[in-house]
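Taking it in order: structure first as structure tokens, then the write-up.
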Amino acid sequence: MPLVRPFVCTVRSLCLGPKPHSQQGRNSTMAHAKHTLSRRTFLRATAFGVAGLAIAACAPAVAPASDSGAESAQPASESATIAYWTFWADRWGEFQQQIVDNYNANNNDGIQVEMLIVPWGDLSVKLLTAVSAGNPPDFTIIGRGEVVEWAVREGILPLDDHIAASSTVKPEDWFEAAWDECLWEGKVFAQPFESGTYAAWYNKALFEEAGLDPNQPPVTWADVDAAAEAITQGSAADGYSVVGFIPWSSRIDLLGWLAGGEWYDAAAQQITATTPENIAAFEWVKQYADQYGGETLERFRQGLGGGDTEDDPFYRGQIAMVWKGSWSLSAKQEYAPDVPFGVHPLPYRGDAGNDSINQGSACVLPVGSPNPDAAYKFLTYMSIDGVAQWVPVAADMVSRRDQTDIYPEVLPDNDEFRGYWQLYNDALGYSHFEPPMPARRFWNDQLQAAIDAVVRGQKSPEQALQDAQDAAQRELDKALGKA
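Residue numbers (the working numbering): 3 to 485.
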């Protein structure tokens with residue numbers, strides 16, 4: 003684990019990849035020769051970090067299939083067998099298989115889906131290799147934050163013609179952040195699967211012990227500062243037994259947005275790390291490093307257990323305030339149902355207002371998909387009906403506006419948890435999404451390096467952000483063919 007992670011450990015890094023399959027079924031009636039991928043293109047792609055995918059881990063439930071997977075303009079003229087490669091394994095893979103089985107049993111187009119589980123550590127490289135060799139799966143799911151990377155490298159097919167012919171798929175039915183993350187240069191390259199947002203958690207027992215009102219969660223960063231000072235036990239010289247809050251222990255990009263900043267200008271294709279708001283966010287990090295000792299806090303943090311496990315430091319009363327994804331509610335119920343806690347919107351700087359991130363995965367057709375027409379029918383099923391079956395036991399969130407009433411079966415059916423779930427759902431309407439740019443993984447690495455330097459006292463916030471911006475912009479320009 004690196005010194006400072008830009009994402010909490012509850013976000014699983016994963017890769018998608020293929021294994022050879024028989025190319026059964028009819029050929030596409032849509033011309034896609036323009037999207038043929040050269041080996042050179044994909045070898046160049048690997049230099050820009052296509053392999054890294056980050057999505058929230060999840061699991062599905064089983065519900066009856068609707069007709070969304072069979073909604074194309076005309077029924078299939080003949081049956082087709084399509085290959086779906088998935089990274090979900092173990093019980094999650096079993097749930098995915100149930101979703102596939104529902105589709106196979108209920109679609110009216112004679113389409114049969116064969117699902118293949120590929121270990122996530124192998125998936126990306128195998129997918130790259132298979133697409134380059136002209137032997138990809140018909141369909142797969144990737145992290146939404148990676149859609150642009152794959153689109154720029156011509157590794158996935160645009161879906162615009164399919165969408166135009168569809169009577170079911172309407173972009174406005176999805177939350178804007180989820181849908182827009184699937185776009186590149188005016189074209190749609192994916193349809194969202196599940197989503198996840200972030201909120202702030204606080205340990206009510208630690209608040210009470212510190213003389214704080216357990217029913218008054220922090221609203222602003224100033225409120226967080228006051229609570230952290232009251233709760234923290236220990237010193238920079240002697241170490242800590244309990245820490246109130248560590249600003250860099252969650253997603254770093256959230257800090258800029260919660261300060262009112264933006265990290266990227268999509269229209270200009272320029273990274274905007276050095277805005278006053280982003281600098282102010284990094285000044286907040288520096289404030290904690292100066293007050294509590296950056297190195298001491300890091301030693302404390304590195305000794306903590308994993309998030310969303312029985313050793314989660316929040317459950318164990320080692321840290322009082324954390325920022326967690328919606329999927330963490332099910333882990334809390336499993337590992338620490340008796341720990342008193344509260345959930346509230348992420349605190350923000352001054353009057354910046356509420357913000358969060360809408361992250362998740364997306365359904366795509368790799369370039370060279372043997373049966374893109376049939377595969378798109380399954381893609382649409384997965385992005386509408388499939389996710390509706392997945393959410394109840396995954397405690398993930400939907401991406402569509404008309405599905406927010408779906409409540410996870412794995413969570414307690416009481417006012418407290420339903421209120422927390424609604425809070426996460428509300429964030430779908432105002433959340434940011436990851437900057438839609440190639441070389442994003444490289445940018446994340448630079449942002450991490452910037453935080454490391456500030457925490458260690460090696461650079462000022464301004465210098466750290468300037469260095470990150472300069473390095474990432476050079477890499478971005480290369481990816482865009484500008485340099």
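Yeah, the Cβ is synthetic: ideal placement off N, Cα and C, and Gly gets one too.
In this structure, what does DSSP give as the bridge partners for residue i?
| i | result |
| --- | --- |
| residue 113 | 82 |
| residue 316 | DSSP, once it has assigned bridges, lists no residue as partnering residue 316. |
| residue 222 | 350 |
| residue 324 | 203 |
| residue 129 | The partner list for residue 129 (beta bridge, DSSP) is empty, contrary to what the question assumes. |
| residue 343 | 205 |
| residue 281 | BP columns for residue 281 are empty, so no partner. |
| residue 290 | Note: residue 290 sits in no beta bridge, so no partner. |
| residue 267 | 272 |
| residue 87 | 118 and 142 |
| residue 254 | According to DSSP, residue 254 bridges with nothing at all. |
| residue 2 | Because the chain in this structure spans residues 3 to 485, residue 2 falls outside the shown range and cannot be described. |
Can you tell me the Cα-Cα spacing of residue i and residue j, whole angstroms?
| i | j | result |
| --- | --- | --- |
| residue 84 | residue 201 | 38 Å |
| residue 153 | residue 365 | 13 Å |
| residue 244 | residue 235 | 5 Å |
| residue 466 | residue 237 | 26 Å |
| residue 307 | residue 390 | 32 Å |
| residue 452 | residue 470 | 6 Å |
| residue 360 | residue 184 | 12 Å |
| residue 319 | residue 418 | 21 Å |
| residue 341 | residue 210 | 13 Å |
| residue 159 | residue 368 | 6 Å |
| residue 328 | residue 449 | 24 Å |
| residue 23 | residue 141 | The pLDDT assigned to residue 23 is 28, lower than 50, so where the model puts this residue is not dependable; a value taken from the coordinates is nonetheless given after this. One C-alpha to the other measures close to 12 Å. |
| residue 277 | residue 263 | 7 Å |
| residue 165 | residue 379 | 10 Å |
| residue 322 | residue 208 | 6 Å |
| residue 248 | residue 225 | 14 Å |
| residue 431 | residue 126 | 31 Å |
| residue 427 | residue 239 | 42 Å |
| residue 546 | residue 299 | Only positions 3 to 485 of the chain appear in this structure, which leaves residue 546 out of reach. |
| residue 377 | residue 395 | 26 Å |
| residue 413 | residue 134 | 43 Å |
| residue 398 | residue 409 | 10 Å |
| residue 138 | residue 132 | 5 Å |
| residue 311 | residue 324 | 14 Å |
| residue 187 | residue 123 | 30 Å |
| residue 255 | residue 437 | 10 Å |
Output needed for residue i: all residues of its chain with C-beta closer than 6 Å, excluding positions within five of it in sequence on either side, in chain order.
| i | result |
| --- | --- |
| residue 47 | Residue confidence is low: residue 47 scores 40 on pLDDT, short of 50, so the model does not pin down where it sits. Its coordinate-derived value is still stated next. If we look at residue 47 and ignore the five residues flanking it on each side, its Cβ neighbours are 155. |
| residue 283 | 257, 258 and 261 |
| residue 40 | The predicted model places residue 40 with a pLDDT of 37, which falls under 50 and marks its position as unreliable; any figure quoted below should be read in that light. There are no such residues. |
| residue 291 | 457 |
| residue 230 | 246 and 247 |
Check whether the Cβ of residue i lies closer than 7 Å to any heavy atom of the ligand ADP, and answer yes or no.
| i | result |
| --- | --- |
| residue 338 | With respect to small molecules bound, the structure shown includes none, and the ligand ADP cannot be examined in it. |
Quick one: what's got a C-beta closer than 7 Å to residue i's C-beta in the same chain, skipping five residues either side?
| i | result |
| --- | --- |
| residue 289 | none |
| residue 385 | 193, 194, 195 and 365 |
| residue 362 | 57, 58, 146, 180, 194, 195, 196, 197, 198 and 401 |
| residue 296 | 457, 458 and 459 |
| residue 190 | 160, 161, 162, 165 and 184 |
| residue 422 | 331 and 345 |
| residue 482 | 271 and 440 |
| residue 354 | 260, 261 and 262 |
Considering just the uninterrupted stretch of the beta strand (DSSP E) at residue i, what are its terminal residues?
| i | result |
| --- | --- |
| residue 205 | 200-205 |
| residue 366 | 361-366 |
| residue 235 | 235-237 |
| residue 243 | 241-244 |
With residue i as the anchor, note down where its alpha helix (DSSP H) starts and where it stops.
| i | result |
| --- | --- |
| residue 296 | 296-304 |
| residue 143 | Residue 143 -> not in any alpha helix (DSSP H); beta strand (DSSP E) instead, spanning 141-145. |
| residue 101 | 92-108 |
| residue 488 | Examination of residue 488 is not possible in this model, given that the chain is present from 3 through 485 alone. |
| residue 381 | 374-383 |
| residue 153 | 149-154 |
Excluding the 5 residues preceding and the 5 following residue i in the sequence, name in chain order all residues of the same chain whose CB lies nearer than 8 Å to its CB.
| i | result |
| --- | --- |
| residue 99 | 117 |
| residue 344 | 203, 204, 206, 216, 217 and 219 |
| residue 31 | For residue 31, the pLDDT reaches just 30, beneath the cut-off of 50, and the residue's location in the model is therefore unreliable, although a value from the coordinates is still provided. Around residue 31: 375. |
| residue 281 | 463, 464 and 467 |
| residue 356 | 347, 348, 350, 429 and 432 |
So is residue i in contact with chain B if we call contact Cβ pairs under 8 Å?
| i | result |
| --- | --- |
| residue 451 | In summary, chain B is missing from the structure at hand, where a single protein chain is found. |
Please give me, in chain order, every unbroken run of the alpha helix (DSSP H) with length at least 4 that falls completely inside the region 391-468. For the region 391-468, whole alpha helix (DSSP H) runs of length 4 or above, ordered along the chain, are 417-429 and 442-457.
Pick out the complete beta strand (DSSP E) segments inside the region 166-198, 3 residues or longer, and give them in chain order. If we require 3 residues or more, the beta strand (DSSP E) runs fully inside the region 166-198 come out as 193-198.
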